[in-house]
Amino acid sequence: MDVSDRREYGSLERETRDSSDADSDLEELQGDIAKFDESVREFLASHHGSSDVPRLARGGARGRGARGPRKAAKPRGDITARLSRVNQAFLAGDYDQAVDLAFEVIRINAETHQAWTALSSIFRERGELDRALSAMVYAAHLRPKDVSGWLRCASFALDTIEEDEKTNLNTARLCYSAALRADPTHIDARLGKAAVCHRQGHHAAAVAEYKIVLRSRPYDLDLVRKLAESCVDSKNPSTTLPTAIQAYRQFFDHGVESQSSDDLQPLWHDVGIYVELFAAAERYGEAIHELKALSRWLVGRVSEKFWDDYQADDREWDIDADRRSHVSDYSANHFNQTLYGSALPLDLRVRLATYRLRLSHESEALRHLDWFDTSDSRTADFVGDFPFLIYELGTELARCGRQGLAAKYFELLRREVTEPDPATLLQLGRCYLTLGEQPAAEECFLAAIDADEDSIEARVELANMYERAREDEEALILAAEAMALKEAREQPSSAPLEGDGESPEAIQRPKRAVGSKQRMRKPRAQAADSTAAAGDVSKKSIVPRRYRPKRLAGPDKRLQDEQARAVKLSHQYEAVRDLKRQIMAGRHDLVPTWMATSKELVDDFRSLKRFYTWDKYLRFLGPRGPPQHPGAGETHDSELTQMYERLTRSIAPHGDFHGRDLTIAGLMSHEGIAFEDWLDLFLDYAIGLAIAHRREEAYQICQAARDSTVFQSSKHEFAIYVAWSVCAIYTSDEERCVSVARHLMRDGAITDSYRMFALLSRLCQSPVSWYTSGPAQKFILRQIKAIDARNGGVPAEATGQSGTIDAGGQQRVRGFEVDVCLLMLYGHILFTSTSYAYSLGYFLRARSLDPTNSMVNLSLGLAYVHYGLKRQSANRQYLLLQGQTFLFQYLQGAPGMANESNTTKAERFYNVGRLFQLLGISYLGSNYYATALELCRKEEGGKDLSACIVLNSVVSLLSVGNKALALSLLKSNLKL
């Protein structure tokens, strides 16, 4: 019996001991019944001439002609009994026991279908939907020919799709594929797979599945609609649109020929889809022909085929009968006049007008527009129902030179659509620009940028306007923003190609509406879709939002806007201060609100050119200079590049004096808020971003504060770099901590700056490699050499003259300043990198400057001891004794420290005890530990140190084998 058999036997034996006698009898009886049933089946099969069946059931060799998977054997009696207990526990609500019993069955035989289905039901009741789906899929694999099982799995995956959309869609697609392998003719499985493929963005696969179903159900309208939607949304609609057109044509031909008396009113919607397919393929003439023919059929005039001869105009659908009366066949008919002009729905009439404009049939298009009065409420209602059609109509009118009429439709669309649409505002601004209404055009372009922060076209239009109006600075800013957005769009994306999902280009490409009541696609939604397709969860714009004053408006309007903005900023700043006070009082739930309000204020300040030099400001906007391939693109791109370079040459060299002008003018505030308060706002917001683990954004805020021309004093710079270091600590950026500390040492070489270097390296929990890195060593050594050079090349302690130690730890000798902390810092860097012999030289230099400093003596003692413990040490005993000498001086303390606290004394005894424990002299270390622990108990606040002392004492006692005393010490100090 192998290990697995013994384990299984042991589990069965334990379960048998735990069960009652009645359960044992029941299992035995059920096993006997199962054997009896098997023998009966074999007997009957042998008498019917199918002796192979029981042999296969017993697991014998299968026949050469056998196909498909092996039929599952009937569960044994013990398995059946366990499944019965699973059902009983499940019905009793004891889901934990039911899960254990089900897993026990699976351990015995993993191919037990009932166990997996029971697990799925249990997990579903417990709310573990992902595990329930996994169990269902396992169960379905055990019965691969059961189509209903695969369909149930797919339906459950789609019903619980909010758990994990991507995974559940993949699971549903695999389940539908498995169902189709079992039954390739199953229509529901194929339709389900097509719907999932469409939802995943695999439109080519969806089209292929719909085409297969369409062969057996060619007149299913819902199927034709789904096929058309997939064809329009595919990556290459030019190749798939003919398929949708043919499907719709086949459906409509059948409807016309069958003369069905059913209600035809819902088909108006499909006529709109059908003709839009032709328009998407740029077959406008065919679109017009099919629109008129099908509309004639739907109103009940299918017999009037003579109208097909009049494709150059749309007289059939005129308001009056003037042009229709010239047609002889029309005069002979007896149809009601209401079946002509007014019978055509308005959305189809707008499509007719748009197609005529695209074919340059301008007069015929304007006849259709006579039906629409822009001041009528019914027209406004129609615009609200079909905004995309009105947008296309306005675009075609503007292209044909009818900007005045197009502006009316765009204004109507602007009023009726709830959300500002950047595409509409851009087209409306271009119309006003052509009409010579510059302020109105400026307002539309600014509104388009507010609605879509990534709009390049609106920025280019505004930049051209401002350049013509001699507003070169604002024109350069807009051109720089456009360049930044252009560079971001040209970056390669990792989005999958067709078959694995849509590319960003396919998603960003504007798609024609396929439904007559389909709402206009919002550019914001498009941007969100493209961002999601590219795998980026961040919706932050490349160019930050900023205040954009109206340059072309009247003086009164501009003054009014400035006053309103000042009031808004003042209210926002008061809100930020109030929120900060509440957060400090414990209202941490207000942090997101405070962050959002602070961001608006900070972005507003950063957006003002007068607070930055041109190079800093243009770097803030995003562009890194002209594109690498200025001519390898469209004409629009080359024009943008030329304008950017032209404005940069003419403006940027003169833009570095704004900060000096502010200083000369003595300006101390902005919008009534002092610059000191603005800096506090910047730094608070940066630290808030760091706490939220948004490192790069926090660094950008710190850099923006550093680059501003109003924060250039040494006091401001020190505060900025301290806040920058705090951000680096919160985000665990060791390299940034070291670089900030080095900057503080370079600009202010004082004792606190050297302490800051050690403190930041300690707080950031950085690897020792950053603290002891080569650049850091060279940087500090250069400062030491500079001090020595100022002192005539001779160290101060070598002159034999004593100096005076000031409050900052610096000794003044012959007018020179020698910083003890600098020597100790470099010594500790060498000590940490195990260069003990070299560190001793700098520790000794520091001791000659300050011989009573306890830290110097402790460092010297540890350096000697560690050097003595190295294998390469020449005189180990001398080095160890020398180290003990300095440590005993450290233990005695400085002469002026007689009144030090018990905690400080305990720390000294603890450090000396650690020394003897390191040297392996545990009994001496224990004596010092005991003294330190007694001192800690005499004073409050020594709990952390006492815990360390007890821990080291226990380890020391265990190392010498004194387990009883170690246990006693641990019990006496352990508090649960």
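Numbered as in our numbering, the sequence shown ends at 962 without a single skipped number. The beta carbon of each residue, even a glycine, is placed where N, CA and C say it ideally should be. Computed from a predicted structure; not experimentally measured.
What do you reckon, are the CB atoms on residue i and residue j nearer than 9 angstroms?
i, j, result
"Ser845", "Ser825", "yes"
"Ala434", "Leu462", "no"
"His354", "Arg335", "yes"
"Tyr533", "Ser584", "no"
"Ser328", "Ile305", "yes"
"Ala471", "Ile528", "It should be pointed out that residue 471 corresponds to Leu in this sequence rather than to Ala. Yes, the Cβ-Cβ distance between Leu471 and Ile528 is below 9 angstroms."
"Ala143", "Cys161", "yes"
"Glu402", "Pro373", "yes"
"Tyr972", "Leu345", "One cannot answer for residue 972 here, as it falls past the ends of the chain, which runs -13 to 962."
"Leu931", "Tyr896", "yes"
"Trp102", "Ala125", "yes"
"Ser220", "Val193", "yes"
"Leu901", "Gln870", "yes"
"Ala273", "Ala265", "yes"
"Arg728", "Phe765", "yes"
"Leu855", "Phe817", "no"
"Leu432", "Ala393", "no"
"Ile108", "Arg68", "no"
Should residue i go down as buried or exposed, given a rule of 16 or more other Cβ atoms within 10 Å for buried?
i, result
"Ile687", "buried"
"Pro223", "buried"
"Lys949", "exposed"
"Ala78", "exposed"
"Glu262", "buried"
"Lys256", "One point to set straight first is that residue 256 is Asp, not Lys, in the sequence displayed. Buried."
"Pro964", "Not covered by the structure: residue 964. The range shown for the chain is -13 to 962."
"Lys152", "exposed"
"His240", "exposed"
"Asp308", "exposed"
"Asn154", "buried"
Look at the alpha carbon of residue i and the alpha carbon of residue j, and state the distance between them as a whole number of angstroms.
i, j, result
"Leu105", "Ala190", "37 angstroms"
"Ala705", "Tyr685", "14 angstroms"
"Ala918", "Glu893", "7 angstroms"
"Cys723", "Asp738", "15 angstroms"
"Gly906", "Leu943", "11 angstroms"
"Leu867", "Ala823", "16 angstroms"
"Ala474", "Glu439", "13 angstroms"
"Asp333", "Leu375", "7 angstroms"
"Asn839", "Val562", "47 angstroms"
"Ser725", "Arg573", "35 angstroms"
"Trp600", "Gln628", "18 angstroms"
"Trp664", "Leu338", "58 angstroms"
"Phe238", "Val285", "14 angstroms"
"Val946", "Gly827", "36 angstroms"
"Trp580", "Lys566", "7 angstroms"
"Val696", "Leu399", "45 angstroms"
"Glu662", "Leu669", "11 angstroms"
"His557", "Glu459", "29 angstroms"
Which residue marks the beginning of the alpha helix (DSSP H) containing residue i, and which one marks its end?
i, result
"Gln568", "Pro541 to Met570"
"Ile259", "Leu253 to Ala266"
"Asp407", "Per DSSP, Asp407 belongs to no alpha helix (DSSP H) and is neither H nor E."
"Phe895", "Asn888 to Leu905"
"Asp219", "Leu207 to Asp219"
"Met654", "That residue, Met654, is in no alpha helix (DSSP H); it is neither H nor E in DSSP."
"Lys595", "Neither: Lys595 is in no alpha helix (DSSP H) and is coded neither H nor E."
"Trp293", "Where Trp293 is concerned, there is no enclosing alpha helix (DSSP H), given that its DSSP letter is neither H nor E."
"Pro425", "Gln424 to Ala437"
"Tyr716", "Ser700 to Tyr716"
"Arg201", "His189 to Ser202"
"Lys536", "Here Lys536 belongs to no alpha helix (DSSP H), and DSSP marks it neither H nor E."
"Gly113", "Note, Gly113: premise wrong, no alpha helix (DSSP H); not H, not E."
Can you round the beta-carbon distance between residue i and residue j to whole angstroms, since I take them to be within the 8 angstroms contact cut?
i, j, result
"Leu974", "Tyr757", "No information on residue 974 is available, as it lies outside the stretch -13 to 962 that the chain covers here."
"Phe874", "Tyr850", "No, Phe874 and Tyr850 are not in contact; Cβ-Cβ is about 12 angstroms, not under 8 angstroms."
"Ala672", "Ala709", "6 angstroms"
"Arg445", "Glu467", "5 angstroms"
"Leu538", "Gln424", "5 angstroms"
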